[in-house]
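Have a look at the structure below before the remarks.
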Amino acid sequence: MLADFESTLLQSFAAGQPYLDMLSPVLLDEWTAGSEAWYVLSSFQAMAQGVQQRIPLLQEAEQQLREREDQYRSIFEAVSDSLTISSLEDGAVVEANPAACQMLGYGHEELLCLPPEALVHPDSLPLVAEGLERLRAMGRNDVPQTVNVRKDGSSLLVETHSTQLTYKGRPHMLTVSRDITERVEAERQLREREALYRGIFEVTHDGLSILDLDGYYVEVNPVFCQMYGYRRGELIGMHVSALVPPTCESVVREALESYEASRSYHASELGLRKDGMTFPADRYGIPITYRGQPHVLEVIRDVTEQVQAQQLLEQRVQERTHELSMLLEVSHNVTSTLKLDPLLGLILDQLKTVVDYTGASISIVEGDDLVFLDSRGPIPEDQLRNLRIPLQRLGSIWEMISSRQPLFLPNVRAESPLAQAVQTATGALMDTVFHYVCACLMVPITLKDHVIGILTLTSSEEDAFTEHHAALAVAISNQAAIAIENARLYQQAQALAALEERQKLARELHDSVSQALYSISLGVHTARALLDRDPALVAEPLDYVLGLAKAGLAEMRALIFELRPESLETEGLVSALSKQGAALQVRHEVAVSLDLCMEPDIPLSVKQDLYRIAQEALHNSVKHAQAHLVDLCLRQTSEAIILQVRDDGVGFDPAGAFPGHLGLRSMEERIKRLAGTLSIESTPGHGVAITARVPTGKVIPP
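Heads up, the working numbering is the position in the sequence shown plus 48, with the first residue counted as 1.
Next comes the structure, spelled out in C-alpha cells:
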C-alpha cells in the first residue's frame, strides 16, 4: 500500500500537480505511529504545509516580476534614444529598441546579431574595441563621439554610454546611443559664427563695446581703445559716464534708461579721450544677451570727418547763396537803372564780395581800341578812365579773349608767352600804374556771341584766381554786357525821342504859333493902313491882333509844358491842365469845360502820368472824335484821384479793335504803373468818356 501511494505521489509531482490533500491527517492515521510509513508521511505532510504557505508569496512575486518586466519593456520600446543589448564577447546585437532600428535604418530582425563592424565606421572601430575592453574591466564605458554607418551607407555621429547587465542569465552590455550629427553641426556653425563675430568685433572701423545694464564695460574692441586713448585693461570695469564730458551726461542717463527698458538707443554726443580732448560721436546701443545675462552692445562712431564735411558743405552753401544773391542783386540793378557809370561801379563792388581781388576794371571795344570805363583798386580812377590800349598791341591776349574763354595769368611777370604779351600790351604802365599786379584774370564781355569788352581782375598775390572765380566773373560780365547794351539802347532811344520831339514841336510851331504870328502881322498891316485912311476903324483889327496874340501865348505855354514836363513841379497839375485846355480851345476852336479841384498832394511822377493821360485823351477828342465840346474834370476823394475827359464826338465801340493811333495802350500802361484803373465808355455817335482812377493809398512814390 505504501508503495502504491509513493508511486502515485511521484507521478503527481512529475506532472506538476501537487496533491497535498493526499497528505491529510486522516491518511496519516491509517499508519501505525512510529512505523516507517508513518515517519515518511509525517515528513511529507510537514513539508507540504510549508510549501502550501509559500505558494501565494511566490505567485505574488511572479506577478510583480511580470509587471516589472512589462514596464521595462515599455520603457525600452518607447525611449527616444537608441538602446541595444550586445554580447560582451563579440559585441553582436542581441536586442534593439525601435529608436535604434530607425536611427540605423534596419528592421528589428535585420539588426539582431549584426557585429560592430557592420554598424561602425572603420575609423571608429578602434574606439569601439577600446570601449569594450574598458567595459569588461570596469563595468561602464562612455564614448563622446563615434561615427556609425546606416544601412544605406550614410554616416552619422553618435554619442554612446554603455554598462554591463545580465541578460538571459549571461553577461551582456546595454548601450544608449544618441544621434548628435545635428548638434555637432550646430556647434560647428556656432563656433564659426563666434569666430566671425569676434573677427568683426576686432577689425571693424567702429568702436564696439559690451557693457552691463549698470553701465560698466565688460568688453571693448581695439578701435574703441584707440578712439578713447585707453588700454583694454583700463576700460574694463570703467563706467560709461567717464568717457563723455559733463555736458553729455544726460545722454548717458537716457541711454541707460533705454537699455534698462530693453530699448535700443541712438544719439549724437561728444566723446572724451584720456588726454581730455573731445570729438563728435554717434552712439548706437542695442540690448543683447552676453554670457547668459542681459547686456548692451554699443557702437561708437567717430564722426569728426562727417561733421567737418557738413560744416564745409554749409559754408559752401552759404557762399553759393551769397553769390546767387549777389548775381540777383546785380541783375536787379541792371534792370532798374539805365545810367551806366554808377551801375558799372556797383557791379565791381558787388563782385568784390565774392572774389577777393586787389583791382578790377571794365573796358569796352571802341573802334580799334580797348577803352577803360570804370575800375576799382589801388589805381587812381583818373589814371584808368578813358585809358585806351590798341587791340593790335594786345596780340595773342585778344585772340584768346575773342574765343570767349577766360584767360588765367598766375604771374604776369613770368616769362610765359601770355605773360610777355601782357607786358608788351601795358608797356611802361606795368611798372607804374600796374606795379602791384602779380596775378590776372581776364573774362570776355560777350553780347550775342560778340566780344564787346573785357572784365579784368588783378591781385597782388600769385595764382590768386580759380576756375570758380572765373565762372563768377563770367556771370558778372554777362550782366555788364546787358548794362552796356541797355545804356547804348537808352542813348539811342533818347536821341530818337529828342529828334521826334523836335520834329513834333516844329510841326506844332508851324501849324499854330507861326500861323498866329503871320495873322498878327497881317492884322497889324491892316490896322496901319486904316490908321491913315479911317482911324475909327483901327479898333477892330487891333482887337483881332490881340486875340491872336493871346491864342499864341496859350499855345506857347502848352508847348512849353510838353517840352518841359518838369514845369509841373513848380506850377502844378491843375495849372498844366488849365493851360492844356486853353491851348485846345485856341488851337482847334473846341469848347473846353474845366472842372478842376485844388492841387492834389501826390508825387510828381504821378502828376506827370496823369498829365500825359489827359493830353492823349484831349488829343483823341479833337483829332479822331471830331468833338465840338470837351469836359475836363479832375477831382480828389478820400480814396482816389479821378481824371475824366468826356467829349461829344463820333464815339466808337470799346469792345472792338482799337485803332493803333488812339494811344489807348500808352494810357493803359501809365495807369497800370500807378496801380489804378482806366475805364472807357462810348458808343458810336454818342461821344466817349475816359476815366482814370488812381487809389490814394496805392500811389507809387517817385
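Ideal Cβ placement from N, Cα and C applies to all residues, glycine included. These numbers were taken from a predicted model, which means no experiment stands behind them.
Residues that DSSP places opposite residue i in a beta bridge
i	result
Gln341	Tyr338
Cys681	Asp643 and Gln692
Thr744	DSSP output for Thr744 lists no bridge partner at all.
Ala408	Arg424 and Leu505
Thr494	Val499
Met221	Ser134 and Gln212
Glu729	Ala737
Tyr332	His314 and Val347
Ile258	Glu267 and Leu345
Thr194	Val206
Ala487	Ser507
Glu152	Note that residue 152 is Leu in the sequence shown here, rather than Glu. According to DSSP, which records beta bridges pairwise, Leu152 is partnered with nothing at all.
Asn189	Ser210
Arg536	DSSP, once it has assigned bridges, lists no residue as partnering Arg536.
Selection from the options that minimises the alpha carbon distance to residue i
i	options	result
Thr754	Tyr245, Phe124 and Ala543	With the chain running from 49 to 750 in the structure shown, residue 754 is simply not present.
Arg331	Glu729, Pro342 and Val351	Val351
Ala624	Tyr659, Ser310 and Leu590	Tyr659
Arg784	Glu447, Arg441, Leu418 and Trp446	The structure shown does not extend to residue 784, since the chain is modelled only from 49 through 750, so no value can be given for it.
Arg364	His516, Gly425 and Asn189	His516
Val481	Leu396, Gln431 and Glu414	Gln431
Gly217	Leu244, Leu136 and Gln112	Leu136
Pro342	Tyr313, Arg349, Arg321 and Glu308	Glu308
Leu594	Gly571, Leu579 and Asp580	Gly571
Phe456	Cys486, Asn145, Ser202 and Gln356	Cys486
Leu670	Thr295, Thr618 and Leu632	A quick correction: the sequence has Val, not Leu, at residue 670. Among Thr295, Thr618 and Leu632, the Cα nearest to that of Val670 belongs to Leu632.
Val622	Arg683, His573, Thr574 and Lys598	Arg683
Ala166	Glu729, Val271, Gly425 and Asp138	Asp138
Leu652	Lys627, Pro454 and Gly620	Gly620
Phe272	Leu283, Asp262, Tyr264 and Gly263	Leu283
Val206	Lys199, Met221, Leu152 and Leu183	Leu152
Pro492	Ser525, Ala469 and Val470	Ser525
Tyr276	Arg349, Thr252, Leu238 and Glu305	Arg349
Pro438	Pro589, Thr725 and Ile412	Ile412
Pro270	Val251, Asp260 and Tyr264	Val251
Whole-Å CB distance - residue i paired with residue j, under 8 Å assumed
i	j	result
Val299	Glu317	5 Å
Ser450	Tyr484	Contact doesn't hold; Cβ gap of about 28 Å is too wide.
Asp422	Gly393	5 Å
His370	Thr401	7 Å
Arg226	Asp323	Actually they are not in contact, since the Cβ atoms of Arg226 and Asp323 sit about 58 Å apart, beyond 8 Å.
Leu754	Val693	For residue 754 there is no data in the structure shown, the boundaries of the chain being 49 and 750.
Val141	Ser134	5 Å
Ile427	Ala528	Their Cβ separation, rounded to whole angstroms, is 19 Å, which puts Ile427 and Ala528 out of contact at 8 Å.
Run of the alpha helix (DSSP H) containing residue i, from where it starts to where it stops
i	result
Asn668	Leu652 to Lys671
Ala144	No alpha helix (DSSP H) contains Ala144, which is instead part of the beta strand (DSSP E) from Val141 to Ala144.
Thr229	Thr229 to Val251
Tyr307	Glu297 to Glu308
Ser444	Ser444 to Ser450
Met286	Careful: Met286 lies outside any alpha helix (DSSP H) and carries neither H nor E.
Glu207	Taken as a continuous stretch (DSSP letters only), Glu207 belongs to no alpha helix (DSSP H), being part of the beta strand (DSSP E) at Ser203 to Tyr215.
Ala177	Leu173 to Met186
Leu167	Pro164 to Leu167
Leu466	Pro465 to Thr474
Leu159	His156 to Leu159
Leu8	In the structure as shown, the chain begins at 49 and stops at 750. Residue 8 is therefore absent and cannot be evaluated.
First and last residue of the uninterrupted beta strand (DSSP E) at residue i
i	result
Pro438	Arg436 to Pro438
Val266	Tyr265 to Val268
Val586	Careful: Val586 lies outside any beta strand (DSSP E) and carries neither H nor E.
Lys389	Looking at the sequence itself, residue 389 is Asp, so the reference to Lys does not match. First-last for Asp389: Leu388 to Lys400, but that is the alpha helix (DSSP H), not the beta strand (DSSP E).
Arg713	It is not in any beta strand (DSSP E) - Arg713 instead sits in the alpha helix (DSSP H) that spans Leu712 to Arg721.
Phe456	Leu455 to Leu457
is_contact[residue i, chain D] using C-beta, thresh 8 Å
i	result
Leu345	In the structure shown, chain D does not exist; there is a single protein chain.
Residue i Cβ short of 7 Å to the ligand MG heavy atom set
i	result
Ala675	For the ligand MG, the structure offers nothing, since it holds no ligand at all.
Check whether the region 256-272 and the region 220-238 are in contact - that is, three or more C-beta pairs closer than 8 Å. no
Should the region 491-498 be called in touch with the region 466-482, which here means at least 3 C-beta pairs below 8 Å? no
contact_flag[the region 643-651, the region 696-704] where n(CB pairs < 8 Å) is 3 or more: no
Tell me, please, whether the region 170-190 touches the region 147-157 by the rule of three or more beta-carbon pairs shorter than 8 Å. no
Touching or not, the region 519-529 and the region 501-510, by the rule of three or more beta carbon pairs under 8 Å? yes
Give a yes or no on contact between the region 675-683 and the region 629-642, applying the rule of three or more CB pairs nearer than 8 Å. yes
Taking contact to mean 3 or more Cβ pairs, one atom from each stretch, closer than 8 Å, check whether the region 208-215 and the region 180-192 are in contact. yes
So does the region 717-724 actually touch the region 736-744, counting three or more Cβ pairs closer than 8 Å? yes
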